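Read the structure below first, then the notes.
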Amino acid sequence: MMKRRDFLLGAGALALSPYFLRHAQATNSGASQYLMPSESAPHQATWMAYGATAGAWGTTGMYGMARRAARADLMRIAANLSRFEPVNMLVNPNEMEEARAVLAQVKGELAQSDLREYSATGVFTNGRAIPNIEAGGKISLIAAPLNDLWVRDTAPLFVRDENGKRAAVDFNFNGWGQADTGAQGWRKDPAKREHGIVDQPIGKDQKIAAFVAKYTHSPLVKTWLVMEGGGIEVDGKGNAICTESCILNDNRNPNRSKAEVEQELHRVLGVNNITWLKGLKARDITDAHIDFYARFTDDDSVLCAIDDEPESPDYSVTRDNLRVLKQHHRNVIELHTPNYETVQAAVEARQYKGFRFNEDGFAAGYIGFYVANGCIILPQFGDPDADREAFDIVSQSHPDRTVLQIATDGIANGGGSIHCATQQEIPE
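Every letter in the sequence shown is one number past the one before it in the UniProt record's numbering, and letter 220, counting from 1, is 220.
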């Protein structure tokens with residue numbers, strides 16, 4: 001089952017390395033000016049946002065009633081990340097008191113966690129010891145206006161210039177194709193509304209990239225490309241995986257050829273080789289972000305999500321993805337999604353009264369993990385066999401990291417993942 005957002009209510013040496021010099025001499029699109037490191041490269045911090053606001057999710061119904069769970073999920077992610085690295089959490093100024101209270105509650109719950117057992121509020125490591133909360137860095141609550149939690153898409157992507165200096169790329173967030181960019185030929189996809197995907201406020205989130213760049217004293221890199229961080233997966237070696245349905249879409253980059261897009265991605269992210277997956281338009285708000293489908297690993301493999309529900313649109317999509325990825329990458333590992341009925345029963349049993357399981361948009365896929373300093377934060381969904389299989393596969397493909405598996409029912413009910421809710425900041 002892979003269902004997604006269906007609503008919208010040491011790095012200095014890298015720049016001078018032989019790789020970077022070869023990269024700058026690439027012939028496909030001229031000299032690259034920047035390079036985006038892999039997510040597995042060292043982090044200065046992780047950025048998050050205390051979203052799931054009433055303005056974005058509402059206060060009633062399926063999404064409104066999941067806000068409480070989603071916000072606890074955000075703090076659970078932050079608390080576990082802080083065992084390994086600092087976390088900067090953006091918070092609307094008028095919600096700072098609530099954010100502190102939820103964080104304190106989550107810290108208390110995690111203190112009682114049995115590392116060998118799955119639970120709705122704990123953390124599973126298969127018994128492996130982990131540092132204390134904030135042992136790796138402080139959780140800083142930073143006042144900033146925001147609409148929602150999806151910083152993978154709204155925050156900038158951090159890169160290095162040819163001198164090894166940090167910069168931040170703003171990809172002109174337009175609400176996943178919702179807002180007119182002013183580009184000739186821009187077209188909002190009517191099929192999204194036909195599939196029940198409606199708009200939400202994004203004005204505050206459109207300013208987050210510039211805010212984070214300024215806060216971190218990182219020069220802001222501008223581009224004509226309209227896309228989101230969840231729409232591209234890079235390995236820091238010049239390779240990337242993307243979906244055509246997302247980036248080569250008239251609701252983002254009209255009248256632009258694939259070659260033009262590749263040239264600009266080369267300039268701002270240092271990408272030389274892109275594996276393009278077809279994707280799927282208008283069945284979720286993102287038009288099929290790659291971070292629902294495929295991820296690079298520490299051992300140079302590619303993890304590929306496989307949906308085993310025959311009635312799901314992603315059943316055929318994920319199998320086509322697997323075929324294409326195997327044509328371009330030596331070692332592709334299947335990561336199967338959990339059983340839909342099992343997940344629904346587990347989530348409904350462990351969540352509070354009033355929580356309504358999102359049958360059309362609950363994002364139950366393990367590809368949405370986040371790689372941080374020394375650890376991986378991986379989702380668990382209440383399907384014991386699938387959860388443990390995912391834990392083992394991700395652990396084996398990232399042998400030098402501790403995998404922490406946690407429930408994120410609220411975020412998943414909103415159609416997103418841990419990866420969607422996090423954005424890495426590289427060191428200066």
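Glycine included, each C-beta is placed from N, C-alpha and C at the ideal position. Quick caveat, the model's predicted, so the values are computed rather than measured.
With a threshold of 8 Å on Cβ separation, who are the neighbours of His43 within its own chain once the five nearest residues in sequence on each side are excluded? Glu85, Ala372, Asn373, Gln424, Glu425, Ile426, Pro427
Quick one: any contact between the stretch 375-383 and the stretch 393-411, if contact means 3 or more CB pairs under 8 Å? yes
Just curious, the alpha helix (DSSP H) that Arg96 is in, first and last residue? Reading off the sequence shown, one finds Met at residue 96, where the question assumed Arg. 96-111 is the span of the alpha helix (DSSP H), which, as asked, contains Met96.
In angstroms, rounded to a whole number, what distance separates the CA positions of Gly127 and Thr243? Going by C-alpha positions, Gly127 is about 37 Å away from Thr243.
Beta carbon of Ala54, beta carbon of Phe355: below 8 Å? No. Outside cutoff.
Once you ignore the five residues that flank Ala390 on each side, which residues in its own chain have a CB closer than 7 Å to its CB? Leu335, Tyr366, Leu378
When DSSP builds the beta bridges, which residues end up paired with Glu334? Cys304
Contact check, Phe173 vs Leu157 under 8 Å by CB: the rounded distance? About 11 Å; that fails the 8 Å criterion.
Tell me which same chain residues have a C-beta within less than 6 Å of the C-beta of Phe124, skipping the five on either side of it? Tyr118, Gln405
Tell me whether Phe369 sits in a helix, a strand or coil according to DSSP, three-state version. coil
Would you report the Cα separation of Leu265 and Ala167, rounded to the nearest angstrom? 15 Å
C-alpha gap between Arg83 and Thr46, whole angstroms: 12 Å
Buried or exposed for Gly182, going by 16 or more other Cβ atoms inside 10 Å? exposed
Rounded to whole angstroms, what is the Cα-Cα separation between Cys304 and Lys326? 10 Å
Which term fits Ala421, buried or exposed, when burial requires 16 or more other beta carbons within 10 angstroms of its beta carbon? By the 10 Å Cβ count, Ala421 comes out buried.
Opposing strand residues paired with Val403 [DSSP bridges]: Note: Val403 is bridge-paired with Ile376 in the DSSP secondary-structure output.
Using C-beta distances below 7 Å, list every residue in its chain close to Leu21, excluding the 5 sequence neighbours before and after it, in chain order. Unreliable positioning characterises Leu21 in this predicted model, as indicated by a pLDDT of 31, which lies under 50. The coordinate reading is nonetheless provided below. Contacts found: none.
Using 8 Å as the cut-off, can you tell me whether the stretch 147-154 makes contact with the stretch 217-231, which would need three or more C-beta pairs spanning the two stretches below that distance? These segments touch.
Proximity winner among Tyr63, Glu39, Met36, Arg71, relative to Ala49 (alpha-carbon distances): Arg71
Classify Val198 as buried or exposed, calling it buried when 16 or more other Cβ atoms lie within 10 Å of its own Cβ. exposed
For the stretch 346-353 and the stretch 307-321, state whether three or more C-beta atom pairs, one from each stretch, are separated by less than 8 Å. no
Are the Cβ atoms of Gly361 and Ile418 separated by less than 8 Å? no
From the DSSP output, in three-state form, read off Lys204 for me. coil
For Gly185, the nearest candidate out of Tyr215, Arg388, Asp250, Asn339 (CA to CA): Asp250
Straight-line CA distance for Pro338 to Glu309? 9 Å
Return the CA-CA distance between residue 451 and Arg187, expressed in angstroms with no decimal places. Residue 451 lies beyond the range of the chain shown here (1 to 428); nothing can be said about it.
Output the residue ranges of the alpha helix (DSSP H) runs that lie fully inside the stretch 130-154 and measure 4 residues or longer, sorted by chain position. 151-154
For Thr223, which residues does DSSP report across the bridge? Paired residues: none, contrary to the question.
The alpha helix (DSSP H) that contains Glu194, what's its start and end? 190-194
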